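Chains A, B and C are the protein sequences, given in the same order.
The first sequence finishes on residue 290 if you use my numbering, and the numbering steps up by one all the way, no holes.
The second sequence finishes on residue 310 if you use my numbering, and the numbering steps up by one all the way, no holes.
The third sequence finishes on residue 250 if you use my numbering, and the numbering steps up by one all the way, no holes.
Here is the structure we will look at, set down as structure tokens.
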Amino acid sequence: MPLLYFQILANGLVLGGLYACIASGFSLVWGVQNVINILHGSFIVLGAYLAYFAHLHAGIHPFLSILIAIPVFFAIGYGLQRMMINRIIAAPVLLTLTLTFGLDLMLQNGMIMAFTADFKKLVLDPPLGTIALGEVVLPVDRLAAMALALALTAMLYLILSRSRIGRAIVAVRMDREAAALMGVNVARIYAITFGLGVMMAGASGPLLAMIFPISPLGGPAYLGKAFVICVLGGLGSVPGAMIGGLVLGVVESFGALWFGPEHAVTLSFSLLILMLLFRPHGLLGRKGYE
Amino acid sequence: MKRDASIALVLFALVALLPLSGEAYWMRLGTTMLMYGVLAMSWNFIGGMAGYPSFAVAAFFGLGAYAGAVAQKFGVPMGFAWVGAGLLALVFAALLGVALLRLRGHYFAIASLVVAEVLRELVNSMTGLTGGGMGLNLPIPAMASVDAQARFFFYVMLLLAAVTFTAMLITANSKLGFGLRCIQQNESAADMLGVDTTFYKVSAFMLSGVFVGVAGAVYASWVYYIEPPDVFDVLYSVKAIVMVLLGGAGSMFGPLVGAAAFLSLEELVWRNYLEVHTGVLGLMIVLLVLFLPKGLISLSQRLGRRGKLR
Amino acid sequence: MSALLELSSVTRRFGGLRAVSDVTLSVPQGEVLGLIGPNGAGKTTLVNVITGVHPASAGKVRFAGEDITRVRPYQAARRGIARTFQIVQPFPGMTVLENVAAAAMFAGGLSYGQRARDEALQHLRFVGLAEVANSNAAALTLAMRKRLEFAKGLAMRPKLLLLDEVNAGLNAAEVDQALELIRAIAARGVTVLIIEHLMKVVLSLCSRIAVLHHGELIAAGAPQAIIEDPRVIQAYLGKRYARAQAGAHG
């Protein structure tokens with residue numbers, strides 16, 4: 001295997017770590033509430049703007065702005081679920097999709113008004129440089145962003161598997177009626193779940209801001225990736241999102257090498273369609289929710 | 001069915017009088033409204049009758065637009081190009097339907113949403129045939145005047161809307177429509193009862209594709225310049241859904257009422273809040289879903305019912 | 001009497017689990033066959049195999065002389081296999097009449113229109129639901145919904161009617177009404193396969209009983225022979241009880 005492939009693989013894994021973080025919150029909301037949050041992508045972008053402006057005006061390092069993003073975005077998500085989404089939670093799939101789509105149009109338009117449609121790039125001064133692992137060279141900022149992304153994802157996993165609230169969320173995911181009978185306040189759990197989902201989006205924004213330019217219309221691309229990852233890894237589980245994210249990162253990196261970067265969308269969506277048709281429950285084969 | 005048909009006849013006859021106004025603005029609006037009506041009625045086949053949350057309208061629209069444009073580039077007469085575009089959309093819907101209609105819920109919704117994205121990328125990359133990101137110019141039909149041209153496209157859209165409506169009316173009052181209602185209510189029970197669900201769903205999907213394909217081709221000729229992000233815009237899919245929701249899913253006139261109501265709102269927003277028009281559009285969608293999920297027709301029925309003792 | 005339904009060595013696996021294992025069974029035309037067995041014995045799976053919901057992993061299903069092992073559920077329905085569900089499944093947003101008319105059209109082969117409605121109404125009269133023909137199906141009581149299932153089943157013009165626990169959840173009087181109905185249906189020459197927990201129902205209706213246990217057919221025969229069969233007693237009541245019984249009898 002030539003060296004180039006190791007480099008591409010490493011790039012893919014770094015990207016994949018970030019993707020896992022993007023997708024885990026989206027997957028959680030979809031799996032637990034059967035709601036596809038179209039806003040997810042735009043919340044990532046909003047988190048990226050938060051990091052950008054915190055760095056620009058207050059000199060806050062983007063890694064630290066994650067600490068601001070976590071409570072802020074959790075509160076946004078919690079409120080959104082309580083005030084809007086909960087009202088139509090029992091309605092057909094189409095309505096929740098349309099509702100979050102409408103909200104997304106508003107958020108996108110709002111971001112264009114507030115931040116203009118120009119691309120912004122967060123530039124650290126001084127730059128963090130690169131690190132060589134044998135012959136493979138990786139930029140430190142990417143590596144650090146991946147490490148933090150994985151840490152955030154692991155944090156979500158720990159919340160779900162270890163805390164009381166997390167276990168209640170898992171219980172609601174498995175059987176809402178039974179959980180309600182056991183005394184779980186389902187509406188509150190939904191709000192917390194949605195809060196956690198939005199929190200993961202907002203918190204991954206600063207990480208992506210260190211690597212990619214920020215545009216108010218960048219949300220749908222992130223959303224598409226989150227969706228593909230859910231289908232790859234299976235729905236509603238953090239390990240699934242992790243696997244799906246890493247697979248997508250690696251596939252995209254090699255796809256760019258072999259087919260050219262301009263076909264990235266077609267490639268990942270072809271993968272999506274194939275997965276939906278032949279492995280609808282994900283690579284791990286776990287049963288998904290419709 | 002007869003009652004619906006007569007109401008529709010009166011309605012279409014009234015709309016056909018619009019060119020008497022002689023104003024280009026109203027002609028443009030009328031043509032757009034009829035096109036929106038075609039998109040909404042088409043979505044109703046799969047989304048309203050069969051209950052499958054399709055986002056494929058943009059894919060059929062863009063496919064039709066490019067098929068019509070490319071055909072004309074190779075010298076096919078305009079009318080034939082339009083019909084050809086519809087047939088291509090029909091075949092495409094059949095093939096796509098066989099693959100995608102095995103999925104349900106969100107999976108179907110997103111897979112159908114993705115189709116337009118993939119087609120857009122393909123069109124973008126097939127520069128030789130489609131002009132890629134540069135877009136494609138269409139021949140401008142030779143007409144006596146700009147007004148005559150506007151009138152021509154208005155009547156073509158009117159005809160297309162009438163054909164689509166007729167197809168919808170016939171379908172709703174046939175075994176196909178009844179079977180689709182069964183599928184919408186409970187697909188596995190319908191299967192057990194002898195409904196060939198795959199065939200019915202694919203038929204509905206084909207019906208939801210063919211007229212949109214023609215509409216896309218007519219649109220391309222009407223505006224005589226198309227580019228991928230314009231005709232493969234996901235908003236076409238969302239607008240079709242919103243129009244049906246606005247008009248009330250499952251009713252005959254819902255899609256048309258929804259199209260008219262939606263276009264009026266959109267026009268109002270465009271004229272007054274150009275800067276924030278997508279945001280206001282989003283707000284409209286949110287308010288509609290939260291406060292009027294069963295549509296305007298249900299609202300009028302609810303109000304009407306108060307008067308009657310039932 | 002020729003066999004209407006013939007299962008030969010039918011097996012259905014779900015992953016590693018054999019829900020139905022090597023079942024060979026023949027149902028002659030006109031028979032009322034009872035299918036019993038403890039919970040999880042594979043009774044509903046067997047019905048799903050016959051109707052094509054979960055086609056057999058191995059073995060053959062023949063119906064009216066033709067191989068139907070791989071047909072899809074709608075094809076099975078059109079060939080004359082009707083089933084009712086353990087959990088009744090009407091189309092909730094349609095009227096009672098429309099529910100039955102759907103069966104008459106799609107499985108019974110009628111075209112869309114008045115005739116299907118007329119026929120549906122006849123079946124509703126037969127099961128005693130004519131008064132509620134134009135009510136919403138979701139508004140019916142459980143007992144009425146079960147009768148609606150019968151009407152739907154009949155409208156499918158079945159040669160074989162598969163009844164999956166039609167009496168579950170009904171009170172004694174309702175069960176008696178259902179029994180009457182099943183007898184009347186059988187009297188029309190429809191072959192009936194009935195899954196049932198109430199032994200009273202099985203014994204009073206069935207000319208023959210088949211017993212499934214852990215997916216295997218452990219006995220088939222006349223009702224009296226079945227309830228005395230030690231293997232059946234063992235399956236239902238456990239080994240120790242069966243041995244005690246055997247000991248007590250000598």
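Just so you know, even glycine gets a beta-carbon here, dropped at the ideal spot from N, CA and C.
Bear in mind that the values here come from a model prediction, so they are computed numbers and not experimental data.
Answer yes or no: do residue i and residue j have a C-beta to C-beta separation smaller than 8 Å?
{"i": "GLY249(A)", "j": "ALA23(A)", "result": "no"}
{"i": "VAL228(A)", "j": "GLY105(B)", "result": "no"}
{"i": "VAL190(C)", "j": "ALA178(C)", "result": "no"}
{"i": "ALA85(B)", "j": "ALA217(B)", "result": "yes"}
{"i": "GLY97(B)", "j": "VAL202(B)", "result": "yes"}
{"i": "ASN44(B)", "j": "PRO255(B)", "result": "yes"}
{"i": "ALA48(A)", "j": "LEU208(A)", "result": "yes"}
{"i": "ILE183(B)", "j": "THR198(B)", "result": "no"}
{"i": "SER221(B)", "j": "GLY30(B)", "result": "no"}
{"i": "LEU294(A)", "j": "ALA111(B)", "result": "The requested residue 294(A) does not occur in the structure, where chain A is confined to residues 1 to 290."}
{"i": "VAL212(B)", "j": "VAL38(B)", "result": "yes"}
{"i": "GLY34(C)", "j": "ILE209(C)", "result": "yes"}
{"i": "ALA204(B)", "j": "PHE61(B)", "result": "no"}
{"i": "LEU162(C)", "j": "ALA82(C)", "result": "yes"}
{"i": "CYS21(A)", "j": "MET200(A)", "result": "yes"}
{"i": "ALA69(A)", "j": "GLY205(A)", "result": "yes"}
{"i": "LEU148(A)", "j": "VAL140(A)", "result": "no"}
Taking the alpha carbon of residue i as the reference point, which residue from the options has its own alpha carbon closest?
{"i": "MET242(A)", "options": "PRO62(A), PHE26(A), PHE6(A), TYR5(A)", "result": "PHE26(A)"}
{"i": "ALA256(A)", "options": "LEU208(A), PRO2(A), LEU3(A), GLY12(A)", "result": "GLY12(A)"}
{"i": "TYR19(A)", "options": "VAL238(A), MET275(A), PHE278(A)", "result": "VAL238(A)"}
{"i": "PHE43(A)", "options": "MET83(A), THR130(A), GLY218(A), ALA132(A)", "result": "GLY218(A)"}
{"i": "ALA107(C)", "options": "ALA120(C), ARG208(C), LEU129(C)", "result": "ALA120(C)"}
{"i": "VAL27(C)", "options": "GLY37(C), LEU5(C), SER21(C)", "result": "LEU5(C)"}
{"i": "GLY30(C)", "options": "ARG18(C), LEU193(C), LEU110(C)", "result": "LEU193(C)"}
{"i": "ILE195(C)", "options": "PRO92(C), THR45(C), ALA139(C)", "result": "THR45(C)"}
{"i": "ILE218(C)", "options": "LEU17(C), ARG13(C), VAL32(C), ALA41(C)", "result": "ALA41(C)"}
{"i": "LEU9(A)", "options": "ILE38(A), SER253(A), LEU124(A), CYS230(A)", "result": "SER253(A)"}
{"i": "THR343(B)", "options": "SER42(B), SER251(B), ARG102(B), LEU101(B)", "result": "The first residue shown for chain B is 1 and the last is 310, placing residue 343(B) beyond what the model contains."}
{"i": "PRO141(B)", "options": "PHE152(B), GLY132(B), GLY135(B), MET134(B)", "result": "PHE152(B)"}
{"i": "ILE192(A)", "options": "ALA221(A), ILE76(A), HIS57(A)", "result": "ILE76(A)"}
{"i": "GLU180(C)", "options": "LEU17(C), PHE126(C), VAL88(C)", "result": "PHE126(C)"}
{"i": "MET144(C)", "options": "ALA155(C), LEU170(C), LEU160(C)", "result": "LEU170(C)"}
{"i": "ALA137(C)", "options": "GLN114(C), GLU149(C), PHE91(C)", "result": "PHE91(C)"}
DSSP puts residue i in a beta bridge; with which residues?
{"i": "ALA138(C)", "result": "The partner list for ALA138(C) (beta bridge, DSSP) is empty, contrary to what the question assumes."}
{"i": "ALA58(C)", "result": "THR11(C)"}
{"i": "PHE63(C)", "result": "LEU5(C), GLU66(C)"}
{"i": "PRO28(C)", "result": "ALA3(C)"}
{"i": "TYR225(B)", "result": "ASN137(B)"}
{"i": "THR95(C)", "result": "ASN136(C)"}
{"i": "ARG139(A)", "result": "Note on residue identity: the sequence assigns Pro, not Arg, to residue 139(A). DSSP, once it has assigned bridges, lists THR130(A) as partnering PRO139(A)."}
Buried or exposed: residue i, going by 16 or more other Cβ atoms within 10 Å of its Cβ?
{"i": "GLY304(B)", "result": "Legend: pLDDT at GLY304(B) = 43, less than 50; position of this residue unreliable, no value from coordinates given."}
{"i": "ASN185(A)", "result": "exposed"}
{"i": "ARG271(B)", "result": "exposed"}
{"i": "TRP30(A)", "result": "buried"}
{"i": "LEU245(B)", "result": "buried"}
{"i": "TRP293(A)", "result": "A query on residue 293(A) cannot be resolved here, the shown segment of chain A reaching from 1 to 290 and no further."}
{"i": "ARG306(B)", "result": "Caution is warranted here: a pLDDT of 37 is assigned to ARG306(B), below 50, making its placement in the model unreliable, and no coordinate value can be reported."}
{"i": "LEU251(C)", "result": "The question about residue 251(C) has no answer here: the residues shown for chain C are numbered 1 through 250."}
{"i": "GLY16(A)", "result": "buried"}
{"i": "GLY15(C)", "result": "exposed"}
{"i": "PHE154(B)", "result": "buried"}
{"i": "TYR25(B)", "result": "exposed"}
{"i": "ALA117(A)", "result": "exposed"}
{"i": "SER237(B)", "result": "buried"}
{"i": "ARG142(A)", "result": "buried"}
{"i": "LEU309(B)", "result": "With a pLDDT of 32 at LEU309(B), under the threshold of 50, the modelled position of that residue is not reliable, and the figure given next carries that caveat. Flag for LEU309(B) reads exposed."}
{"i": "MET113(A)", "result": "exposed"}
Residues of the stretch 283 to 294 of chain B whose Cβ lies closer than 7 Å to any Cβ of chain A, in chain order: LEU283, ILE285, VAL286, VAL289, LEU290, PRO293
Residues within the stretch 77 to 102 of chain A neighbouring chain B, beta-carbon criterion of under 8 Å: MET84, ARG87, ILE88, ALA91, PRO92, VAL93, LEU94, LEU95, LEU97, THR98, LEU99, PHE101, GLY102
Near-chain C residues of the stretch 52 to 73 of chain B (beta-carbon distance less than 8 Å), N- to C-terminal order: none
Interface residues of the stretch 137 to 155 of chain C facing chain B [CB-CB below 8 Å]: LYS152
Please list the residues of the stretch 245 to 277 of chain A that have a C-beta atom closer than 8 Å to any C-beta atom in chain B, keeping them in chain order. GLU262, HIS263, VAL265, THR266, PHE269, SER270, LEU272, ILE273, LEU276, LEU277
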